[in-house]
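Right, one structure below, let's go through it.
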Amino acid sequence: MATTGVQPAPALMEQVVDGPTGYTGVAATPEWAEEIKRLARERNATILAHNYQLPEIQDIADHVGDSLALSRIAAEAPEDTIVFCGVHFMAETAKILSPEKTVLIPDQRAGCSLADSITADELQAWKAEFPNAVVVSYVNTTAEVKALTDICCTSSNAVDVVASIDPEREVLFLPDQFLGAHVKRVTGRQNMHIWAGECHVHAGINGEELTEQARTHPDAELFVHPECGCATSALYLAGEGSFPADRVHILSTGGMIDAAKTAKSSQVLVATEVGMLHQLRKAAPGIDFQAVNDRASCPYMKMITPAALLRCLVEGADEVHVDPETAALGRNSVQRMIEIGNPGGGE
Ligand code: SF4
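Throughout the sequence shown, residue numbering follows my numbering, covering 14 to 360 in sequence.
Right, here's the structure in full:
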């Protein structure tokens, strides 16, 4: 259970408004920042923020990164409460890897259209059709789906994970069809079935758009961060030749920040969620970072507002629960991935 008894900040808490798009009404002022730090100390909590969070949430966090790197930080953190500023499946993954800790998400309504594109019941039915197949799931899945999975993968290691499987065994790959198509093309594997899921938020990064960007920015490099569904279509399209291959860099968060510091180009196009631009501009202020698609903003990620974070720390809510048996099965599928190596993404 979450601890209670933390003294709220009455004036700020009175400003919190709960609406259909989340909690609003509180600005990220120095007073708010001081209050967040004080409340986190009182709760013995560490604040983790995904790269696609609002800039003010990234700036107040103790650690910023991608979902898997943050889950591993959560497991090693000395604090016994984790405040996960990201979407729900990410907080669940942190709970799966740290079952003894209290994991809070500032607004549990922050979902993910890609994770929602396959349910545990749908996966059960698919497995029944291919009883001998090995199930490989991208990390953007619910805890229940991870529990039915043999090996998880990230975009960085999906090819290695599929290549590690006995060529005679069929593979069920889910839920991202773009990542699945990319892996099938690279591995040449024919006995691989791909679930037709996608991130509806970012289906807008398309081939024509990427080709047009390459034409109108002839000196720019392209950074593709493969940790979120929005980038996997760009990953696929870059492989199709929509952007000249020598200017495409498929990079984890950490790799992207390092590459930004040493980049020779004065302009870099970034094919991922727009929140990533904040970290890149901080790392390399001399480079003009532009989004390939400036509409690529995840509304679920942006539900973690200053008001939501304040309410979370005051009330100890929303707490993330994963049934212990589901967590143990899900943990196995994540650990099998880590054993294969190169889980990638920000380390
Ligand atoms: S950008 Fe897409 S894949 Fe990423 S969290 Fe949002 S809905 Fe999910």
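Positions of the beta carbon are idealized from the N, C-alpha and C atoms, including for glycine.
Coil, strand or helix - residue i by DSSP
i    : result
G242 : For G242, the pLDDT reaches just 49, beneath the cut-off of 50, and the residue's location in the model is therefore unreliable, leaving the point undetermined.
S150 : strand
H63  : strand
H334 : coil
L117 : strand
A340 : helix
H262 : strand
H230 : coil
A276 : coil
A123 : coil
R198 : helix
P257 : coil
D3   : A question about residue 3 goes unanswered here, because the residues of the chain that appear run from 14 up to 360.
I353 : helix
heavy atom of the ligand SF4 below 7 Å from residue i C-beta
i    : result
E5   : Nothing can be reported for residue 5: it is not among the residues displayed for the chain, which extend from 14 to 360.
Y151 : no
S126 : yes
M314 : yes
V287 : no
C98  : no
C325 : no
C311 : yes
C165 : no
Extent of the continuous beta strand (DSSP E) to which residue i belongs
i    : result
S84  : Segment S80 to E89 is the alpha helix (DSSP H) holding S84; no beta strand (DSSP E) there.
Q28  : Element bounds for Q28: n/a, residue is neither H nor E.
I207 : M205 to I207
I95  : T94 to C98
F302 : D301 to A304
H101 : Counting along the chain, H101 falls outside any beta strand (DSSP E), though it belongs to the alpha helix (DSSP H) covering H101 to L110.
I164 : I164 to C166
Paired residues, beta bridge with residue i - DSSP
i    : result
A128 : A128 is not bridged to any residue.
D189 : G210
I347 : At residue 347 the sequence reads Val, which differs from the Ile that was named. Per DSSP, none; premise fails for V347.
Y313 : Y313 is not bridged to any residue.
T37  : V30
A284 : V237
H76  : L61
V184 : V147 and M205
Where residue i falls, given that 16 or more other Cβ within 10 Å makes a residue buried
i    : result
K274 : exposed
K108 : buried
G299 : exposed
G242 : Since pLDDT at G242 reaches only 49, below the 50 mark, its modelled position is unreliable, and no value is offered.
K159 : buried
E69  : buried
Q203 : exposed
R324 : buried
H213 : exposed
T229 : exposed
T94  : buried
H334 : exposed
R344 : buried
R54  : exposed
Segment limits, alpha helix (DSSP H) that includes residue i
i    : result
R294 : M289 to A296
D173 : A171 to A176
E142 : A133 to E142
A156 : A156 to A160
E44  : P43 to R56
R324 : P319 to E328
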